[in-house]
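Each remark here refers to the structure printed beneath this line.
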Amino acid sequence: MEFLVRYGFGIIFGLLGSVGLFMIQSISSKGTYALFVCGWFLVMSLIYVWLIRFLRRGVYEFALSVSMMLGCLSLVSVVGSPGIRLFLVLFLGSCLFFLASFGLYRDQYAAYAQKPIRRAMMMMWVFVVFSSLCSVFAFTLFFPTWSFLLLSLSGAFVCSVVSFFIWQMYTSFSFRRFFLWLLVVAFIMIEIMWVMRLLPFGYLLLGFLATWVWYVMQLLLRFHFSPNGIMWKKQFSFLLTNGLFFIVFLIYLARWV
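Each position in the sequence shown, counted from 1, maps to that position plus 18 in our numbering.
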């Protein structure tokens, strides 16, 4: 029974995610689009809530699943390439299947087997940040009259919330205790987005670069919260390599307009 629930639900949930995201792209009416999106999220949420009640766990995976749906939906809404859209459809279905079939049961695995599952879930959270920041820069480009301050605040909020969820996977984390650090993350990301919007790059590249900076920052903070703290001798090569790659990427790989 548990085998059927585990993999059967994973397949159903993944298919519903992919089919829903694919069908959304063919809707032109704003009213129909809004109703379909709301219905899609409602059906997916009800199914997941039933599974949470059945297994008595899964709130974290539910939050990540909804965030992935929002992230893929936001990218599909701003990306014009059919190939990228198809990739996002398949990517969403694969991630939802993974979360329902493996993420929900990661505590049942041995410690060494939990690491790749946890790492995969962390990269999904990184994708959520990437999609959010890409959307911020895309809306700035497509709707120049919109307040960039409000858009950057929304992007910074996502960065802080995702940082909180990632840290929770690796250490005992108290929201009250580290609330100030989350505000610091949000403030720094607002500054980063404010500066990067002046660069002559597309929104996908700007989102990628901003996500890169956020990832390194939250990783160092996570190490800071660990019992051993930041081992600077070990992290020096990591920071130096990332810094050099970032500069090389900007100079030689990024397309300057």
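Even for Gly, the Cβ is constructed at its ideal location relative to N, Cα and C. Just so it is clear, the structure is predicted and the values come from calculations on it, not from any experiment.
Straight-line Cα distance separating Phe226 from Gly98: Here residue 98 refers to the residue found at position 80 when the sequence shown is read from its first residue. Here residue 226 refers to the residue found at position 208 when the sequence shown is read from its first residue. The alpha-carbon of Gly98 is positioned some 17 Å away from that of Phe226.
Touch test, the region 148 to 166 against the region 36 to 49, Cβ-Cβ under 8 Å, three pairs minimum: With a cut-off of 8 Å, the region 36 to 49 and the region 148 to 166 do not count as touching, because too few Cβ pairs lie within range.
Proximity of Val203 and Trp232 at Cβ, strictly below 9 Å: Locating residue 203 in the sequence shown gives position 185, counting from the first residue. Locating residue 232 in the sequence shown gives position 214, counting from the first residue. With contacts defined by Cβ atoms closer than 9 Å, Val203 and Trp232 form a contacting pair.
Nearest-angstrom Cβ-Cβ length linking Ile208 and Trp143, presumed shorter than 8 Å: Locating residue 208 in the sequence shown gives position 190, where the first residue counts as 1. Locating residue 143 in the sequence shown gives position 125, where the first residue counts as 1. About 20 Å; that fails the 8 Å criterion.
The region 103 to 112 touching the region 53 to 72, judged by at least three CB pairs closer than 8 Å: Too few Cβ pairs lie closer than 8 Å, so no.
Through-space distance from Ser178 to Met235, alpha-carbon basis: Within the sequence shown, residue 235 is the residue found at index 217, counting from 1. Within the sequence shown, residue 178 is the residue found at index 160, counting from 1. C-alpha separation (whole angstroms): 11 Å.
Beta-carbon proximity of Phe160 to Val96, cut-off 9 Å: In the sequence shown, counting from the first residue as 1, residue 160 sits at position 142. In the sequence shown, counting from the first residue as 1, residue 96 sits at position 78. Going by C-beta atoms, Phe160 is nearer than 9 Å to Val96.
Separation of Leu169 from Val154, as counted between CA atoms: Within the sequence shown, residue 154 is the residue found at index 136, counting from 1. Within the sequence shown, residue 169 is the residue found at index 151, counting from 1. Note on geometry: alpha-carbon atoms of Val154 and Leu169 lie some 6 Å from one another.
Complete runs of the alpha helix (DSSP H) confined to the region 96 to 173 [at least 4 residues]: Assignment of alpha helix (DSSP H) within the region 96 to 173, counting only whole runs of 4 or more residues, yields 100 to 119, 129 to 160 in chain order.
Cβ neighbour criterion (16 or more within 10 Å) applied to Tyr188: Within the sequence shown, numbered from 1, the residue matching residue 188 stands at position 170. Burial call: exposed.
Cut-off 7 Å between Cβ atoms - residues of its own chain near Ser244, not counting five sequence neighbours on either side: Position 226 of the sequence shown, counted from the start, is the residue given in the question as residue 244. Counting only Cβ-Cβ distances below 7 Å, and skipping sequence neighbours, we find Thr189.
DSSP-derived helix/strand/coil call for Asn246: Numbered from its first residue, the sequence shown carries residue 246 at position 228. Looking at Asn246 - three-state DSSP - the assignment turns out to be coil, as it is neither helix nor strand.
Residue range of the alpha helix (DSSP H) that includes Phe205: Within the sequence shown, residue 205 is the residue found at index 187, counting from 1. In the DSSP assignment, Phe205 falls within the unbroken alpha helix (DSSP H) covering 197 to 214.
Leu224 burial status per 10 Å Cβ neighbour count (16 or more: buried): The residue given as residue 224 occupies position 206 in the sequence shown. Burial is judged here by how many other beta carbons sit within 10 angstroms of a residue's own beta carbon; Leu224 has at least 16 and is buried.
Cut-off 8 Å between Cβ atoms - residues of its own chain near Val55, not counting five sequence neighbours on either side: Here the question's residue 55 lines up with position 37 in the sequence shown. Around Val55: Ile42, Leu91.
Gly220 versus Ile210 - alpha carbon distance: Here residue 220 refers to the residue found at position 202 of the sequence shown. Here residue 210 refers to the residue found at position 192 of the sequence shown. When rounded, the distance between both Cα atoms is 16 Å.
Euclidean distance between Cα positions of Arg124 and Gly28: Reading the sequence shown from its first residue, position 106 is the one you call residue 124. Reading the sequence shown from its first residue, position 10 is the one you call residue 28. So the two alpha carbons sit approximately 14 Å from each other.
Host alpha helix (DSSP H) of Phe31 (start-end): What you label residue 31 is simply residue 13 of the sequence shown in a count that begins at 1. Its alpha helix (DSSP H) spans residues 27 to 42.
Whole-angstrom distance between Leu217 and Ile70, CA atom to CA atom: The residue labelled residue 70 in the question sits at position 52 within the sequence shown. The residue labelled residue 217 in the question sits at position 199 within the sequence shown. Taking the straight line from one Cα to the other gives about 45 Å.
Tyr66, buried or exposed, once every other Cβ within 10 Å from all chains shown has been counted against 16: Start at 1 with the first residue of the sequence shown, and residue 66 comes out as number 48. Buried.
Pairwise C-alpha distance: Phe166 and Phe205: Residue numbering aside, residue 205 sits at position 187 when the sequence shown is read from its first letter. Residue numbering aside, residue 166 sits at position 148 when the sequence shown is read from its first letter. If you draw a straight line from the Cα of Phe205 to the Cα of Phe166, it is about 14 Å long.
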